[in-house]
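Numbering (my numbering), first residue to last: 794 to 1279.
We put the CB at the ideal spot given by N, CA and C, even for glycine.
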Ligand code: SF4
Ligand code: SF4
């Protein structure tokens, strides 16, 4: 049994709540069991919905890495395997046509009347992206100072010369200050937030602070030429000088990771345009929220760099921050929203208290569930076992996981495919008995039980396509969300 005599403060910190929160009647995690490794198994509806979650408080992580193989993500390791260029499978050739061709066909030649790709659906999708796409003046790394400005540089003049804020000035612990930063993240628009010590292994090679050069090296010395076709083969334009080279200073050793829930019904329209609208509005919220949070921390006199997908790998940072686990589909699976999230982060030198990583049975369940692999139109998701090797040049070998063919996925989806989210059993509303059962029993770690659960999940009807025409008939404010009362 978990020792009830354990120091109350340490216990609260392990669970990720503060004394103030407990005193104010905010939902308090309940320890319902102890794992064989001595970790608490916790129920916390506000954070984890109906799942039971093992908190890895002993310094363990729910993944294995080989740092010697992994190196720096994005680095051109001489050992990196060279794979054959991606060949479009015959059965998916229809879907790999350039987006510009498809868009013209649907909008012009067919008069904007193709179901799920109507002019209404396209306009909805494009509008959702605008804030993100215009965010260059908002994201600090596109500005002159690159977000690595000196303390308080962006603050109001009266605050400029103040020392970094110390929460003890108002008799607040650093633990409670960390809760305050997460509270601010959610106030500014995140669905959920966690804190991790920043593992600089996850920073892209081109964004790592060069060890051999002086720390004071101006961050904006180099122009970076980016060819959008590298990321989006359907993109029409060639190389562009988009931004200056940025790096994350090594003394920024904390990262606040934020989740942004995507709309359940719009994702159910995948790969119609509404699924892309769900992605686009999440990206726009990421831009606004991450940059606002970074500015808040700047005003407190600490350094902060806001980041969307750039600068480093978001998924392992989110895992380190206790927000979820990696699924077979290569994306973050969270207890509350399943895989239906986007991730942004803020790097900072504010000495925040890190959250513990969690395990709620995803790895076990994915071993028997193949739904995402079965429904991937570009055949990018493996039905095999985990490996240490990547499947395409953009994978980073050195993590023991299910690698996903990101090249074929990106070539296909152009941000419109979310099939591997739509069909995932974790992508389910909280208010249905079957999903309560899955969430309750998932820690039983029984493969035969998991198989039964996959079958029951499919029979429930969740994960089916939603036609855009039906989406538009929904009650205007109707949504299914992890925020719903459970
Ligand atoms: S988004 Fe998921 S389901 Fe769609 S092509 Fe990519 S891996 Fe496959
Ligand atoms: S669909 Fe199944 S196998 Fe794929 S990530 Fe979800 S639970 Fe894992």
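| task | Output yes or no for whether 8 Å exceeds the beta carbon distance between residue 1146 and residue 958. | result | By one-based count along the chain shown, residue 1146 stands at place 353. By one-based count along the chain shown, residue 958 stands at place 165. For residue 1146 and residue 958, no; Cβs fall outside 8 Å.
| query | Around the Cβ of residue 857, are there at least 16 other Cβ atoms within 10 angstroms (buried) or fewer (exposed)? | reply | If you number the chain shown from 1, residue 857 lands on position 64. The residue is exposed, with fewer than 16 neighbouring Cβ atoms inside 10 Å.
| Can you tell me whether residue 985 is buried or exposed, with buried defined as 16 or more other CB within 10 angstroms of its CB? | On the chain shown, position 192 is the one that residue 985 refers to. With 16 or more other Cβ atoms within 10 Å, it is buried.
| Buried or exposed (CB count within 10 angstroms, at least 16 for buried), residue 1152 | The residue given as residue 1152 occupies position 359 in the chain shown. Buried: at least 16 other Cβ atoms inside 10 Å.
| task | Report all residues from its chain with a CB closer than 6 Å to the CB of residue 1282; omit the five preceding and five following residues, and keep chain order. | result | Any question about residue 1282 goes unanswered here, given that the chain covers just 794 to 1279.
| task | Check residue 833 in the structure and name its three-state DSSP category. | result | As a position in the chain shown, residue 833 is number 40, starting the count at 1. The answer is strand: DSSP assigns residue 833 an E or B state.
| Bridge-paired residues (DSSP) for residue 1094 | Indexing the chain shown from 1 puts residue 1094 at position 301. None; residue 1094 has no bridge partner.
| said: Suppose you measure from the CA of residue 916 to the CA of residue 847; what does that come to, to the nearest Å? | reply: Taking the first residue of the chain shown as position 1, residue 916 is located at position 123. Taking the first residue of the chain shown as position 1, residue 847 is located at position 54. Their Cα atoms are separated by approximately 43 Å.
| said: Please determine whether the Cβ atom of residue 1126 lies at a distance below 7 Å from any heavy atom of ligand 2. | reply: In the chain shown, the residue the question calls residue 1126 occupies position 333. Flag set: Cβ of residue 1126 near ligand 2.
| query | Would you say the beta carbon of residue 1158 comes nearer than 7 Å to a heavy atom of ligand 2? | reply | Taking the first residue of the chain shown as position 1, residue 1158 is located at position 365. Yes - ligand 2 has a heavy atom lying nearer than 7 Å to the Cβ of residue 1158.
| said: Tell me which residue opens and which closes the beta strand (DSSP E) that residue 1047 is part of. | reply: On the chain shown, residue 1047 is found 254 positions in, with the first residue counted as 1. Looking at the DSSP string, the run of the beta strand (DSSP E) that includes residue 1047 is 1047–1054.
| query | Do residue 1149 and residue 845 have their C-beta atoms closer together than 8 Å? | reply | The residue labelled residue 1149 in the question sits at position 356 within the chain shown. The residue labelled residue 845 in the question sits at position 52 within the chain shown. Cβ distance not < 8 Å, so residue 1149 and residue 845 don't count as in contact.
| message | Could you tell me the alpha carbon to alpha carbon distance between residue 989 and residue 976, rounded to whole angstroms? | response | The residue you call residue 989 lines up with position 196 of the chain shown. The residue you call residue 976 lines up with position 183 of the chain shown. Their backbone Cα atoms lie some 15 Å apart in a straight line.
| Same chain only: Cβ atoms within 6 Å of residue 1122, ignoring 5 sequence neighbours per side | What you label residue 1122 is simply residue 329 of the chain shown in a count that begins at 1. Same-chain partners within the cutoff: 1165, 1174, 1213.
| field | Rounded C-alpha distance that separates residue 864 from residue 1159 | value | Numbered from its first residue, the chain shown carries residue 864 at position 71. Numbered from its first residue, the chain shown carries residue 1159 at position 366. Cα to Cα, the separation comes out at about 27 Å.
| field | Same chain only: Cβ atoms within 7 Å of residue 971, ignoring 5 sequence neighbours per side | value | By one-based count along the chain shown, residue 971 stands at place 178. Counting only Cβ-Cβ distances below 7 Å, and skipping sequence neighbours, we find 988, 1145, 1146.
| query | How should residue 1100 be labelled, buried or exposed, when 16 other C-beta atoms within 10 angstroms of its C-beta is the threshold for buried? | reply | Translated into positions along the chain shown, residue 1100 becomes position 307. Buried, by the Cβ-count rule.
| said: When you measure from the CB of residue 1218 to every non-hydrogen atom of ligand 2, does any distance come out below 7 Å? | reply: The residue given as residue 1218 occupies position 425 in the chain shown. Yes.
| By the 10 Å Cβ neighbour count, where 16 or more other Cβ atoms means buried, how is residue 1259 classified, buried or exposed? | For this step, residue 1259 is matched to residue 466 along the chain shown. By the 10 Å Cβ count, residue 1259 comes out buried.
| query | Considering only C-alpha positions, which residue in the set 829, 1262, 1116, 1195 is nearest to residue 1061? | reply | Residue 1061 sits at position 268 when you count from the first residue of the chain shown. Answer by Cα proximity: 1262.
| Three-state class that DSSP yields for residue 1279 in the structure shown | By one-based count along the chain shown, residue 1279 stands at place 486. The predicted position of residue 1279 is uncertain, since its pLDDT is 35 and thus under 50; a value taken from the coordinates is nonetheless stated next. Three-state result, residue 1279: coil.
| query | Does the Cβ of residue 1174 lie closer than 7 Å to at least one heavy atom of ligand 1? | reply | For the purposes of this step, residue 1174 is taken as residue 381 along the chain shown, with counting starting at 1. Yes.
| field | Contact set for residue 1097: own chain, Cβ-Cβ below 6 Å, skip 5 residues either direction | value | Here residue 1097 refers to the residue found at position 304 when the chain shown is read from its first residue. Same-chain partners within the cutoff: 1087, 1090, 1091, 1139, 1141.
| task | Write down the C-beta distance between residue 921 and residue 1074 rounded to the nearest angstrom, noting that I regard them as a contact closer than 8 Å. | result | For this step, residue 921 is matched to residue 128 along the chain shown. For this step, residue 1074 is matched to residue 281 along the chain shown. The pair is a contact, with the Cβ atoms about 4 Å apart (cut-off 8 Å).
| Per DSSP, residue 999 is paired with what? | Taking the chain shown and counting its residues from 1, the one referred to as residue 999 is at position 206. DSSP output for residue 999 lists no bridge partner at all.
| Around the C-beta of residue 1044, are 16 or more other C-beta atoms found within 10 angstroms, so that it is buried, or is it exposed? | Within the chain shown, numbered from 1, the residue matching residue 1044 stands at position 251. So residue 1044 ends up on the exposed side.
| field | C-alpha gap between residue 1201 and residue 1186, whole angstroms | value | Locating residue 1201 in the chain shown gives position 408, counting from the first residue. Locating residue 1186 in the chain shown gives position 393, counting from the first residue. Near 11 Å, if we compare the C-alpha coordinates of residue 1186 and residue 1201.
| task | For residue 1265, collect the residues of the same chain with a Cβ closer than 6 Å to its Cβ; drop the 5 residues on either side in sequence, then sort them by chain order. | result | Mapped onto the chain shown, residue 1265 falls at position 472. For residue 1265, where only same-chain residues beyond five positions count, there are no Cβ hits under 6 Å.
| field | For residue 1105, three-class secondary structure by DSSP | value | Within the chain shown, residue 1105 is the residue found at index 312, counting from 1. Note: residue 1105 maps to strand in three-state DSSP.
| said: By DSSP's criteria, residue 1125 is part of a beta bridge. Which residues make up the other side? | reply: Here the question's residue 1125 lines up with position 332 in the chain shown. In the DSSP output, where bridge partners are listed per residue, residue 1125 has 1119.
| message | Does residue 898 come out as helix, strand or coil in the three-state DSSP assignment? | response | Locating residue 898 in the chain shown gives position 105, where the first residue counts as 1. Residue state, collapsed to three classes: helix.
| request: Assign residue 901 to one of two classes, buried (16 or more other C-beta atoms within 10 Å of its C-beta) or exposed (fewer than that). | output: The sequence position of residue 901 within the chain shown is 108, counting from 1. So residue 901 counts as exposed.
| Same chain, Cβ closer than 7 Å to residue 1110, five either side skipped, listed in chain order | Here residue 1110 corresponds to residue number 317 of the chain shown, with the count starting at 1. Closer than 7 Å at the Cβ level, and outside the excluded window around residue 1110, lie 989, 995, 1048, 1050, 1138.
| request: Pull up the distance between the alpha-carbon of residue 1053 and that of residue 961, whole angstroms please. | output: Here the question's residue 1053 lines up with position 260 in the chain shown. Here the question's residue 961 lines up with position 168 in the chain shown. One C-alpha to the other measures close to 31 Å.
| request: Figure out for me which residue from 854, 832, 907 has the closest Cα to the Cα of residue 1117. | output: Locating residue 1117 in the chain shown gives position 324, where the first residue counts as 1. For the residues 854, 832, 907, the minimum Cα distance to residue 1117 belongs to 854.
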